[in-house]
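Engineer:
Residue numbers (the working numbering): 5 to 293.
(1) Are there 16 or more other CB atoms within 10 angstroms of the CB of residue 236, so buried, or fewer, so exposed?
(2) Taking 8 Å as the threshold (C-beta atoms), are residue 56 and residue 11 in contact?
(3) Is DSSP giving residue 250 helix, strand or coil here?
(4) Taking residue 58 as the reference, which of 205, 191 and 84 has the closest Cα?
(5) Taking the Cβ atom as the reference point for each residue, do residue 142 and residue 252 lie within a distance shorter than 8 Å?
(6) Note the first and the last residue of the continuous alpha helix (DSSP H) segment covering residue 35.
(7) Hey, which unbroken runs of the alpha helix (DSSP H) at 4 residues or more fall wholly within the region 30-81?
(8) Go ahead and pull the three-state DSSP assignment for residue 239.
(9) Mind checking whether residue 257 and residue 175 have CB atoms under 8 Å apart?
(10) Determine which residues share a DSSP beta bridge with residue 126 and list them.
(11) Could you pull the start and end residues of the alpha helix (DSSP H) that residue 150 belongs to?
(12) Use the C-beta contact count for residue 221: other C-beta atoms within 10 angstroms, 16 or more gives buried, fewer gives exposed.
(13) Cβ of residue 192 within 8 Å of Cβ of residue 138?
(14) Please list the terminal residues of the continuous beta strand (DSSP E) segment that includes residue 220.
(15) Classify residue 80 as buried or exposed, calling it buried when 16 or more other Cβ atoms lie within 10 Å of its own Cβ.
(16) What do you reckon, are the CB atoms on residue 276 and residue 267 nearer than 8 Å?
(17) Go through its chain and collect everything with a Cβ distance to residue 231's Cβ below 8 Å, but skip five positions before and after it.
(18) Which of the three DSSP states is assigned to residue 269 in this structure?
(19) Among 132, 198, 278 and 187, which residue has its Cα nearest to the Cα of residue 73?
(20) When we look at the beta-carbon of residue 292 and count the other beta-carbons within 10 Å, is it buried (16 or more) or exposed?
(21) For residue 214, does the three-state DSSP call read helix, strand or coil?
(22) Could you give the first and the last residue of the continuous alpha helix (DSSP H) run that contains residue 186?
(23) Residues in the same chain with beta-carbon distance under 6 Å from residue 66, minus the five sequence neighbours each way, listed in chain order, please.
(24) If I measure Cβ to Cβ from residue 287 and keep anything under 6 Å in the same chain, skipping five residues before and after, which residues do I get?
(25) Let me know if residue 227 comes out buried or exposed under the rule of 16 or more other beta-carbons within 10 Å of its beta-carbon.
(26) Check this for me: beta carbons of residue 48 and residue 68, under 8 Å apart or not?
(27) In whole angstroms, what separates the C-alpha of residue 243 from that of residue 160?
(28) Helix or strand or just coil, what does DSSP make of residue 99?
(29) For the candidate residues 44, 219, 279 and 202, whose alpha-carbon lies nearest to that of residue 264?
(30) Residue 114 lies in the alpha helix (DSSP H); which residues open and close that run?
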């Protein structure tokens with residue numbers, strides 16, 4: 005049984021058209037399947053948990069990075085399951101890292117392709133991440149976007165970015181990786197499995213989803229007047245060449261913030277004062293390129 009878990013909240017008409025194509029293709033192929041619609045926060049994860057508890061092993065996340073995160077986080081034992089993704093979100097950053105095509109071709113990859121060993125990030129508090137999790141100015145921008153009630157997605161992001169550039173205060177963090185601890189005032193601090201976040205920003209171009217390693221990245225916060233310059237390098241995929249950037253490839257990492265902080269897990273915001281992460285290497289079987 006192929007269990008397709010759908011987040012219908014974004015691009016409703018686009019989702020309906022793609023779902024119609026998916027339904028038609030599955031019927032033509034004689035594939036046994038069921039579509040589960042998520043209508044409230046947390047329901048996607050609950051579906052995955054209940055289905056995996058009932059012995060189901062084949063899951064498809066229909067949505068963006070956040071939907072994929074919730075499905076992965078809900079599955080009881082990821083190493084016993086097969087996971088597919090039909091990208092239908094606003095960013096689809098992990099789909100890029102996993103070389104998963106858009107549209108109906110993503111379903112064809114699931115039906116005809118091979119499930120390959122894939123890494124994911126496990127946190128000590130039970131949370132998981134397929135792509136990137138962390139703290140910093142990117143989280144501040146996302147949080148400001150969520151609080152805005154008016155305007156489109158782009159206008160919300162633009163004005164949130166302007167506000168963050170004026171008001172962002174660097175977070176003091178303690179970072180530990182491979183037994184070494186450092187303290188920074190950070191612009192961004194994150195652990196990466198994938199290479200992009202924020203709808204295409206190449207924060208860690210060298211990260212690979214099947215190399216068995218966690219990429220820990222910290223960018224120190226420069227003087228406020230230089231933040232726009234460093235963000236320009238970030239947008240161009242060249243942040244790691246800057247003096248403010250520090251990257252370690254490791255098996256486990258810990259980021260501890262001084263005081264309360266907000267973290268993002270594949271774009272999903274949650275209160276968190278620390279991230280203790282380890283890479284789970286090749287245990288998840290995923291339909292990807």
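Glycine residues also receive a C-beta, built at the ideal position from the N, C-alpha and C atoms. Quantities reported herein were computed from a predicted structural model and do not represent experimental measurements.
Structural biologist: Looking at the atomic coordinates:
(1) The residue labelled residue 236 in the question sits at position 232 within the chain shown. Its Cβ having fewer than 16 others within 10 Å, residue 236 is exposed.
(2) For the purposes of this step, residue 11 is taken as residue 7 along the chain shown, with counting starting at 1. For the purposes of this step, residue 56 is taken as residue 52 along the chain shown, with counting starting at 1. For the 8 Å CB-CB criterion, residue 11 and residue 56 do not form a contact.
(3) For the purposes of this step, residue 250 is identified with residue 246 of the chain shown, where counting begins at 1. Strand.
(4) For the purposes of this step, residue 58 is taken as the residue at position 54 of the chain shown. The candidate whose alpha carbon is nearest that of residue 58 is 84.
(5) Here residue 142 is taken as the residue at index 138 of the chain shown, counted from 1. Here residue 252 is taken as the residue at index 248 of the chain shown, counted from 1. Their beta carbons are not under 8 Å apart, which means residue 142 does not touch residue 252 by this criterion.
(6) For the purposes of this step, residue 35 is taken as the residue at position 31 of the chain shown. Counting along the chain, no alpha helix (DSSP H) covers residue 35, and no H or E run does either.
(7) Taken in chain order, the whole alpha helix (DSSP H) runs of length 4 or more contained in the region 30-81 are 47-57 and 69-78.
(8) Residue numbering aside, residue 239 sits at position 235 when the chain shown is read from its first letter. In the three-state reduction of the DSSP assignment, residue 239 falls in the helix class.
(9) Here residue 257 corresponds to residue number 253 of the chain shown, with the count starting at 1. Here residue 175 corresponds to residue number 171 of the chain shown, with the count starting at 1. Going by C-beta atoms, residue 257 is not nearer than 8 Å to residue 175.
(10) As a position in the chain shown, residue 126 is number 122, starting the count at 1. The beta-bridge partner set that DSSP reports for residue 126 consists of 132 and 282.
(11) The residue you call residue 150 lines up with position 146 of the chain shown. Taken as a continuous stretch (DSSP letters only), the alpha helix (DSSP H) holding residue 150 covers 141-151.
(12) Stepping through the chain shown from its first residue, residue 221 is reached at position 217. It counts as buried.
(13) By one-based count along the chain shown, residue 192 stands at place 188. By one-based count along the chain shown, residue 138 stands at place 134. With contacts defined by Cβ atoms closer than 8 Å, residue 192 and residue 138 form a contacting pair.
(14) Locating residue 220 in the chain shown gives position 216, where the first residue counts as 1. 218-224 is the span of the beta strand (DSSP E), which, as asked, contains residue 220.
(15) Working through the chain shown from its first residue, we reach residue 80 at position 76. Note on residue 80: under 16 other CB atoms within 10 angstroms of its CB, so exposed under the neighbour-count rule.
(16) Your numbering for residue 276 matches position 272 in the chain shown. Your numbering for residue 267 matches position 263 in the chain shown. Taking a C-beta distance under 8 Å as the contact criterion, residue 276 and residue 267 qualify as a contact pair.
(17) Within the chain shown, residue 231 is the residue found at index 227, counting from 1. Cβ within range, chain order: 141, 169, 172, 191 and 225.
(18) Within the chain shown, the letter at position 265 stands for residue 269. DSSP places residue 269 in strand when its eight states are reduced to three.
(19) On the chain shown, position 69 is the one that residue 73 refers to. Comparing alpha-carbon positions, the option among 132, 198, 278 and 187 lying closest to residue 73 turns out to be 132.
(20) Counting from 1 along the chain shown, the entry for residue 292 is found at position 288. Only buried fits residue 292, as 16 or more other CB atoms lie within 10 angstroms of its CB.
(21) The count along the chain shown starts at 1 and reaches residue 214 at position 210. Three-state result, residue 214: coil.
(22) The residue you call residue 186 lines up with position 182 of the chain shown. Where residue 186 is concerned, there is no enclosing alpha helix (DSSP H), although the beta strand (DSSP E) it sits in stretches over 184-196.
(23) As a first step, residue 66 must be located in the chain shown, where it is residue number 62. Around residue 66: 8, 10, 90 and 92.
(24) Counting from 1 along the chain shown, the entry for residue 287 is found at position 283. A distance below 6 Å between beta-carbons, with the five flanking residues on each side excluded, links residue 287 to the following residues of its chain, in chain order: 83.
(25) The sequence position of residue 227 within the chain shown is 223, counting from 1. Exposed is the call here.
(26) Mapped onto the chain shown, residue 48 falls at position 44. Mapped onto the chain shown, residue 68 falls at position 64. With contacts defined by Cβ atoms closer than 8 Å, residue 48 and residue 68 do not form a contacting pair.
(27) In the chain shown, counting from the first residue as 1, residue 243 sits at position 239. In the chain shown, counting from the first residue as 1, residue 160 sits at position 156. One Cα belongs to residue 243, the other to residue 160, and the distance between them is close to 24 Å.
(28) Position 95 of the chain shown holds residue 99. Three-state DSSP puts residue 99 in a helix.
(29) In the chain shown, counting from the first residue as 1, residue 264 sits at position 260. Comparing Cα positions, the closest option is 279.
(30) Looking up residue 114 in the chain shown gives position 110. Looking at the DSSP string, the run of the alpha helix (DSSP H) that includes residue 114 is 108-116.
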